[in-house]
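A.B. asks: This is the structure, below, for whatever I ask next.
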Amino acid sequence: MNDVFMNTYHRLPVTFVKGNGAYLTDAQGREYLDFTSGIAVNCLGHNHPDLVQALGAQAARLIHVSNYFQSDASVMFAEKLTAISQMRRVFFCNSGAEANEGAIKIARKYSLKKYGPGRHTIVTLRDSFHGRTITTLSATGQEKFHVNFGPFTEGFTFIPPNNIEALEQALDKTVAGLFLEPIQGESGVHILSDEYLRRAAELCAEKDIVLMFDEIQSGLGRTGAFLASEHAGVRGDVVTLAKGLAAGIPVGAVLAGEKTCAVLETGDHGSTFGGNALAAAAGVVVLEKLAVPSFLAEITALGEYLLEGLRALNSPVITGMRGRGLIAACDLTIDARPVLERLISRTAAGTRGLLLLQGGPQTLRFLPPYIISRGQIDEGLALLNKALS
Ligand SMILES: Cc1ncc(COP(=O)(O)O)c(C=O)c1O
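The opening residue of the sequence shown carries number 97 in this note's numbering; numbering runs sequentially from there.
See below:
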């Protein structure tokens with residue numbers, strides 16, 4: 097490995113040079129089946145022809161104008177995104193953390209303007225993950241991310257997930273917003289129950305607290321619905337998206353419903369690159385796919401196939417599994433990291449490698465692209481089975 101990068105990632109020793117569908121190829125010509133989608137980013141797989149075509153055409157026509165103007169591509173993207181999410185307005189940025197910063201600003205300003213100072217607390221969950229900026233780390237309920245970087249943004253409290261009593265107690269008169277990942281992805285695919293999400297929505301409506309859903313990992317069709325919160329029949333006042341929104345081109349979005357769509361006013365917020373024409377053209381390709389009901393239904397079916405396959409492995413080191421659509425995890429009796437290393441090691445010459453993610457020290461996380469086939473799921477599970485045995 098080279099030493100030009102800061103040492104921020106525990107990188108696996110492989111350098112990719114090209115991708116095609118669910119496969120990546122390294123510099124030595126070896127293929128890898130990708131069950132990570134670049135952490136839920138390459139949702140259409142690698143180099144999807146529709147994406148390549150749209151990006152080429154857009155790049156030839158117009159790549160970027162500042163947000164003091166607009167492009168036809170970004171208008172189309174915004175219209176499609178607000179329509180499919182049934183939200184009123186959108187703000188485009190470049191990443192998940194930035195989208196969450198925007199959401200927090202909306203909740204704080206909404207409360208300040210309506211109720212005055214002192215009502216600014218944002219409640220989030222233990223084991224949550226909302227990003228790496230100082231404020232989104234403040235919102236992240238995992239101590240390990242907090243060492244070394246204080247002091248943090250004030251006004252965040254954490255409650256245990258899926259505990260309705262704790263939720264009822266926490267939402268007091270000081271609270272401006274409740275921030276939830278419907279599925280906690282980073283910490284191991286922990287799913288908030290429909291009952292919990294419904295009670296959260298009810299309490300937020302009752303107390304006029306801004307309900308924010310971080311759907312950066314769980315949204316965009318990943319669970320077989322456009323947003324994971326749709327499974328519980330609830331809608332956030334604010335929803336954040338990023339990752340797969342433009343299938344590999346960086347873009348984030350803060351979506352606001354009727355209650356919050358006018359909170360941010362001229363000069364309150366901004367982004368140089370956010371939602372530029374190139375990202376918008378890619379985003380339109382993703383949204384057009386997700387607007388087709390059979391495309392989402394297939395994600396659900398593929399997810400069930402993956403979970404059944406995991407169950408059928410019957411491996412003594414697997415202690416449990418969970419998932420919804422094409423986000424899944426399985427817990428192991430052994431450390432996950434050596435499994436990831438074995439899955440890409442070259443000892444099994446000739447066979448393909450498999451790319452997987454961790455979701456905790458002893459948990460494997462699966463985020464395959466939506467274009468994965470049943471045959472490729474079988475292939476990946478066979479490679480995993482071999483690595484576990
Ligand atoms: C739920 C959630 N929120 C926020 C983020 C941060 O996104 P980004 O890395 O694009 O800033 C992530 C990234 O993993 C995430 O999974």
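Virtual Cβ for every residue (Gly too), placed ideally from N, Cα, C.
Between 485, 473, 457, 476, which lies nearest to residue 240 when the distance is taken from Cα to Cα?
C.D. replies: Checking every option, the nearest Cα to that of residue 240 belongs to 457.
A.B. asks: Could you say which of 344, 483, 294 lies nearest to residue 434 if we only look at CA atoms?
C.D. replies: It is 483 whose Cα lies nearest to the Cα of residue 434.
A.B. asks: If the criterion is Cβ atoms closer than 9 Å, does the pair residue 238 and residue 277 meet it?
C.D. replies: Going by C-beta atoms, residue 238 is not nearer than 9 Å to residue 277.
A.B. asks: Would you say residue 282 touches ligand 1, meaning its beta carbon is less than 8 Å from a heavy atom?
C.D. replies: Because some heavy atom of ligand 1 lies under 8 Å away, the Cβ of residue 282 counts as near it: yes.
A.B. asks: Could you give the distance in angstroms between the alpha-carbon of residue 195 and the alpha-carbon of residue 137?
C.D. replies: Rounded to whole angstroms, residue 195 to residue 137 spans 15 Å at the Cα level.
A.B. asks: Taking the continuous alpha helix (DSSP H) assigned at residue 134, which residues delimit it?
C.D. replies: 133 to 136 is the span of the alpha helix (DSSP H), which, as asked, contains residue 134.
A.B. asks: According to DSSP, simplified to helix, strand and coil, what is residue 435?
C.D. replies: Helix, per DSSP.
A.B. asks: Can you give the Cα-Cα distance for residue 140 and residue 269, rounded to whole angstroms?
C.D. replies: The alpha-carbon atoms of residue 140 and residue 269 are separated by roughly 44 Å.
A.B. asks: If the criterion is Cβ atoms closer than 9 Å, does the pair residue 351 and residue 191 meet it?
C.D. replies: It is not a contact, given that the beta carbons lie outside the stated cut-off.
A.B. asks: How is the alpha helix (DSSP H) around residue 172 delimited, first residue to last?
C.D. replies: That run of the alpha helix (DSSP H) goes 168 to 181.
A.B. asks: Closest to residue 439 by C-alpha separation, out of 468, 471, 428, 478, would be which residue?
C.D. replies: Closest option to residue 439, Cα to Cα, is 478.
A.B. asks: Given the structure, does residue 433 come close to ligand 1, in the sense that its CB is under 8 Å from one of the ligand's heavy atoms?
C.D. replies: Residue 433 Cβ: outside cutoff for every heavy atom of ligand 1.
A.B. asks: Figure out for me which residue from 326, 302, 257, 466 has the closest Cα to the Cα of residue 341.
C.D. replies: Out of 326, 302, 257, 466, 466 has the C-alpha closest to the C-alpha of residue 341.
A.B. asks: What residue range does the alpha helix (DSSP H) around residue 382 cover?
C.D. replies: Segment 373 to 386, the alpha helix (DSSP H) holding residue 382.
A.B. asks: Between the segment 286 to 296 and the segment 321 to 339, do at least 3 Cβ pairs fall closer than 8 Å?
C.D. replies: Because the criterion of three Cβ pairs below 8 Å is met, the segment 286 to 296 and the segment 321 to 339 touch.
A.B. asks: Which residues in the same chain as residue 249 place their Cβ atom closer than 7 Å to its Cβ, once the five residues preceding and following it in sequence are excluded?
C.D. replies: For residue 249, where only same-chain residues beyond five positions count, the Cβ hits under 7 Å are 230, 231, 234.
A.B. asks: What first and last residue would you give for the beta strand (DSSP E) that runs through residue 404?
C.D. replies: That residue, residue 404, is in no beta strand (DSSP E); its alpha helix (DSSP H) goes 389 to 409.
A.B. asks: Any heavy atom of ligand 1 closer than 8 Å to the CB of residue 226?
C.D. replies: Under cutoff, so the answer is yes.
A.B. asks: I'd like to check one pair, residue 455 with residue 432: are the Cβ atoms closer than 9 Å?
C.D. replies: Closer than 9 Å, so yes.
A.B. asks: Is residue 427 near ligand 1, judged by its Cβ being under 8 Å from some heavy atom?
C.D. replies: Every heavy atom of ligand 1 is 8 Å or more from the Cβ of residue 427, so no.
A.B. asks: Among 407, 423, 408, 428, which has the Cα closest to the Cα of residue 415?
C.D. replies: Taking only the C-alpha atoms, the option nearest residue 415 is 428.
A.B. asks: According to DSSP, is residue 458 helix, strand or coil?
C.D. replies: In this structure, residue 458 counts as coil in the three-state DSSP scheme.
A.B. asks: Roughly how many whole angstroms lie between the Cα atoms of residue 354 and residue 183?
C.D. replies: Going from the Cα of residue 354 to the Cα of residue 183 covers about 7 Å.
A.B. asks: Pull up the DSSP beta-bridge partners for residue 486, would you.
C.D. replies: The requested residue 486 does not occur in the structure, where the chain is confined to residues 97 to 485.
A.B. asks: Among all the DSSP beta bridges, which residues are the ones paired with residue 336?
C.D. replies: 310, 350, per the DSSP bridge assignment.
A.B. asks: Rounded C-beta distance between residue 325 and residue 311? I'm assuming under 8 Å.
C.D. replies: That belief holds up - the Cβ atoms of residue 325 and residue 311 are roughly 7 Å apart, short of 8 Å.
A.B. asks: Counting Cβ pairs closer than 8 Å, one from the segment 366 to 380 and one from the segment 169 to 179, do we hit at least three?
C.D. replies: Yes, the segment 366 to 380 touches the segment 169 to 179.
A.B. asks: Count the other C-beta atoms from every protein chain shown that fall within 10 angstroms of the C-beta of residue 283, then say buried if there are 16 or more, exposed otherwise.
C.D. replies: Buried, by the Cβ-count rule.
A.B. asks: Quick one: Cα of residue 468 to Cα of residue 422, how far?
C.D. replies: Between residue 468 and residue 422, the C-alpha separation is close to 10 Å.
A.B. asks: Take every Cβ of the segment 388 to 395, pair it with every Cβ of the segment 210 to 219, and state whether three or more of those distances are shorter than 8 Å.
C.D. replies: The segment 388 to 395 is not in contact with the segment 210 to 219.
A.B. asks: Based on DSSP bridge pairs, tell me the residues matched to residue 502.
C.D. replies: The structure shown does not extend to residue 502, since the chain is modelled only from 97 through 485, so no value can be given for it.
A.B. asks: What residues in its chain sit with their C-beta under 8 Å from that of residue 126, if we drop five residues either side in the sequence?
C.D. replies: So the list reads 442, 448, 449, once near-sequence residues are dropped.
A.B. asks: Distance, Cα to Cα, residue 304 vs residue 356?
C.D. replies: So the alpha carbons of these two residues sit roughly 11 Å apart.
A.B. asks: For residue 119, tell me which candidate among 472, 481, 480 has the shortest Cα-Cα distance.
C.D. replies: Of the listed residues, the one whose Cα sits closest to residue 119 is 472.
A.B. asks: To the nearest angstrom, how far is it from the Cα of residue 116 to the Cα of residue 135?
C.D. replies: The alpha-carbon atoms of residue 116 and residue 135 are separated by roughly 17 Å.
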